[in-house]
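Undergrad:
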Amino acid sequence: GDSVTQMEGPVTLSEEACLTINCTYTATGYPSLFWYVQYPGEGLQLLLKATKADDKGSNKGFEATYRKETTSFHLEKGSVQVSDSAVYFCALTPTGNQFYFGTGTSLTVIP
Amino acid sequence: EAEVAQSPRYKITEKSQAVAFWCDPISGHATLYWYRQILGQGPELLVQFQDESVVDDSQLPKDRFSAERLKGVDSTLKIQPAELGDSAMYLCASLDRGGSTEAFFGQGTRLTVV
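The listed protein sequences derive, respectively, from chains B and Y.
Be aware that the first sequence starts at 17, since it is given in the numbering used here, and climbs by one per residue.
Be aware that the second sequence starts at 4, since it is given in the numbering used here, and climbs by one per residue.
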């Protein structure tokens, strides 16, 4: 079935360090891929998305490229800030109607 | 900015009691989801509505959980009786009918069963 596997955390980085959170997926066809962010006590917010192979989603300095050959959608940021501390979820939808989420990766950025 | 509204934000209930959560999706969004998120895990779908009809409730524990969306707008999720293992964040999300793949989430209801 369709599923998402993402890097386990927690991840702790110093401010201005580089971030990579790995995400791989299993799906039939051509799913759309997403990264959602969840701040403490809050719901999920869409961070970025990509709907076809080789698309790059980007937002707030975060980027992820839809790699069909490696079935991956790794999240990257060149310089993290304290305000980026949150839990990040990789997700996919094969149909545009059902969504599958990874288990989440907790990021803590220390000054 | 339009948003998905959920209430209450927090709920503490004793086991064996009944509890209900409410969700008002973004106006015009036909698809509504209820997810359960256990601490440290990703959201897991409980039930999906298309307008007032249930599309998928295969993961809903129907012996104690029920959900309705009578007029195809707002929705209620009920648990009766609540069990200790039901402690989790309950998230509502909605998706419009225009072919967008972006699901919008509410802030969730944090349930603690004691």
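By construction, the Cβ of each residue, glycine as well, lies at the ideal position given by its N, Cα and C atoms.
For Gly-73(B), does the three-state DSSP call read helix, strand or coil?
TA: Strand at Gly-73(B).
Undergrad: When the cut-off is 8 Å and only beta carbons count, does Gln-62(Y) lie next to chain B?
TA: Not one chain B Cβ lies under 8 Å of Gln-62(Y).
Undergrad: Across the region 92–110 of chain Y and the region 26–43 of chain Y, are there enough close Cβ pairs to call them in contact, namely three or more that are closer than 8 Å?
TA: Segments in contact, yes.
Undergrad: Can you check whether the C-beta of Glu-105(Y) is within less than 8 Å of a C-beta belonging to chain B?
TA: So, interface residue.
Undergrad: Is there a C-beta anywhere in chain B that falls below 8 Å from the one on Phe-24(Y)?
TA: Not an interface residue.
Undergrad: How about Ser-19(B): is its C-beta nearer than 8 Å to some C-beta of chain Y?
TA: Taking Cβ atoms only, chain Y never reaches closer than 8 Å to Ser-19(B), which makes this a no.
Undergrad: Tell me whether Cys-26(Y) is buried or exposed, calling it buried when 16 or more other Cβ atoms sit within 10 Å of its Cβ.
TA: By the 10 Å Cβ count, Cys-26(Y) comes out buried.
Undergrad: Chain B beta carbons: is any one of them nearer than 8 Å to that of Leu-80(Y)?
TA: No, its Cβ sits nowhere closer than 8 Å to a Cβ of chain B.
Undergrad: Skipping 5 residues on each side, what residues in its chain have a beta carbon closer than 6 Å to that of Asn-38(B)?
TA: Around Asn-38(B): Met-23, His-90.
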